[in-house]
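Before any comments, here is the structure.
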């Protein structure tokens, strides 16, 4: 990908049957001027209807509002954040840039058009605390920029091939799914954790975040001629994961497992694909960067609503039989009956389970990959699929209690946010942080 200047992004913010918003400054659609004030857009009989105090626009295709000036802002009411996660909630959010409204599956989709570097300033402010170390913020700016540009390039390739992107492998006794951003066809990225957490200017863009983005303007990680499809998660648990074990089965030379300690970028210190080794690792407390309880460091990475989750490096969840069997039935759509056994069949390099055999009194099924496992075993998302299972209160071979003891938070591939925060505090530079988590990648400046 060759760029002379930063691209403009289309960011999907929300989709509702009725959208209410406030223009804080002047906007226009061609010659039609929109003054400050409250507006709404709703879908009726396949047509979008935009209404304001003295304006009415009806369209079947799209409604586009452009700012009179680059800094003009608007407020969207009732935006859902943390979709599907335990912190899901609605809030009003402010954005700069343009607004597009398009019909999508019986709802009005709101899209924010914004320059990439402005988008990044918001993402870094949303994902990280203003108290984060400058080197951590710069590292995050580079991987967020790299990931985004790699997704745009991937979307072009998928569209050019004219093929539907495969995200599952299903047979009578096995369901394997992985989740990526290829389901976004009407815009480039979404504003939630599915892509990158983007909240416009809802929160004050921190000076530190803005400086980190500006200091790394146009910088990306590359492998050969390709921009790296960089990834990150909250906490790897001590060893990171390979790309192909989380998403499509296409290995990336720069997204391979590393142990989260010195020497930097070292391969896994333990073979966690072996069940006994994985169990010892998960039940232990290895000396790695992300094994920290330092509240100052954690505050750099975890916003207030994330800090409600304290046990992330090593955690435990206990289910009663009735609770787990009902949960798995609801989440999977399959009636297993009572859950007899959860058996790991395959683990990745981080200890995350890639294929889990669920044996019930009525049905037995294998499920993968890691996120699908987490979805089936939690009302929102289990912290990770790196867990070991024990049973208690046995009656006739059926456990009354099922205990999951786990490691890490998230998929574990690429940069470990908590580990990187610790590295920043220890004085590592952003290029050292990047070299640690993304072996075989080079830092490249695409545009100024």
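In this note's numbering, the protein residues as written are 19 to 466.
Where a beta carbon is used, it is the ideal one built from N, C-alpha and C, also for glycine.
Item, Value
"Note down the Cα distance separating residue 317 from residue 213, rounded to an integer number of angstroms.", "22 Å"
"So who's on the other strand from residue 416, going by DSSP bridges?", "413"
"Give the list of continuous alpha helix (DSSP H) stretches no shorter than 4 residues that lie fully inside the segment 198–284.", "225–233"
"Could you please give the first and the last residue of the uninterrupted alpha helix (DSSP H) stretch that includes residue 57?", "Careful: residue 57 lies outside any alpha helix (DSSP H), inside the beta strand (DSSP E) at 55–62."
"Quick one: any contact between the segment 51–61 and the segment 230–237, if contact means 3 or more CB pairs under 8 Å?", "no"
"How many Å lie between residue 126 and residue 35 at the Cα?", "6 Å"
"Per DSSP, what kind of secondary structure is residue 162 in: helix, strand or coil?", "helix"
"Taking C-beta to C-beta, are residue 470 and residue 357 nearer than 8 Å?", "The structure shown has nothing for residue 470, since the chain only spans 19 to 466."
"Check this for me: beta carbons of residue 31 and residue 159, under 8 Å apart or not?", "no"
"Once DSSP output is grouped into helix, strand and coil, what is the label at residue 146?", "coil"
"Checking 8 Å against the spacing of the C-beta atoms, do residue 429 and residue 164 come in under that value?", "no"
"If you measure between the beta carbons of residue 45 and residue 39, is that distance less than 8 Å?", "no"
"Within 8 Å, do at least three Cβ pairs link the segment 185–203 to the segment 105–117?", "no"
"To the nearest angstrom, how far is the alpha carbon of residue 446 from that of residue 307?", "12 Å"
"Closer than 7 Å by C-beta to residue 21: which residues in its own chain qualify, once you throw out the five before and the five after it? Chain order, please.", "464, 465"
"Terminal residues of the continuous beta strand (DSSP E) containing residue 288?", "Per DSSP, residue 288 belongs to no beta strand (DSSP E) and is neither H nor E."
"DSSP three-state call for residue 156: helix, strand or coil?", "helix"
"Does the beta-carbon distance from residue 386 to residue 400 come in below 8 Å?", "no"
"Just how far apart, CA to CA, sit residue 236 and residue 287?", "35 Å"
"Less than 8 Å separating the beta-carbons of residue 238 and residue 167?", "yes"
"Can you tell me where the beta strand (DSSP E) holding residue 120 begins and where it ends?", "116–122"
"Could you have a look at residue 333 and say whether DSSP puts it in helix, strand or coil?", "strand"
"If you count every other CB in all the chains shown that lies within 10 Å of the CB of residue 132, and 16 or more means buried, which is it?", "buried"
"When the Cα atoms are used, what is the spatial distance from residue 417 to residue 411?", "6 Å"
"For residue 176 and residue 203, what's the separation of their Cα atoms in angstroms?", "11 Å"
"Spatial neighbours of residue 293 within its chain, please: CB distance less than 8 Å, with the 5 preceding and 5 following residues excluded, ordered by chain position.", "362, 365"
"Tell me which residues share the same chain as residue 518 and place their Cβ nearer than 7 Å to its Cβ, disregarding the 5 neighbours each side in the sequence.", "As shown, the chain starts at 19 and ends at 466. That puts residue 518 outside it, with no answer to give."
"Could you check what DSSP says for residue 356 in three-state terms: helix, strand or coil?", "coil"
"Give every residue of the same chain whose Cβ lies closer than 7 Å to the Cβ of residue 274, excluding the five residues on either side of it in the sequence, and list them in chain order.", "260, 457"
"What are the boundary residues of the beta strand (DSSP E) that residue 50 is part of?", "50–52"
"Hey, how far is the Cα of residue 470 from the Cα of residue 72?", "Shown here, the chain extends from 19 to 466; a query on residue 470 therefore has no answer."
"Put residue 86 into one of helix, strand or coil per three-state DSSP.", "coil"
"Using the three-state DSSP reduction, which class does residue 42 fall into: helix, strand or coil?", "coil"
"Can you name the start and end residues of the beta strand (DSSP E) that residue 68 belongs to?", "65–70"
"Can you give me the C-alpha to C-alpha distance between residue 154 and residue 377, rounded to a whole angstrom?", "44 Å"
"When we look at the beta-carbon of residue 380 and count the other beta-carbons within 10 Å, is it buried (16 or more) or exposed?", "exposed"
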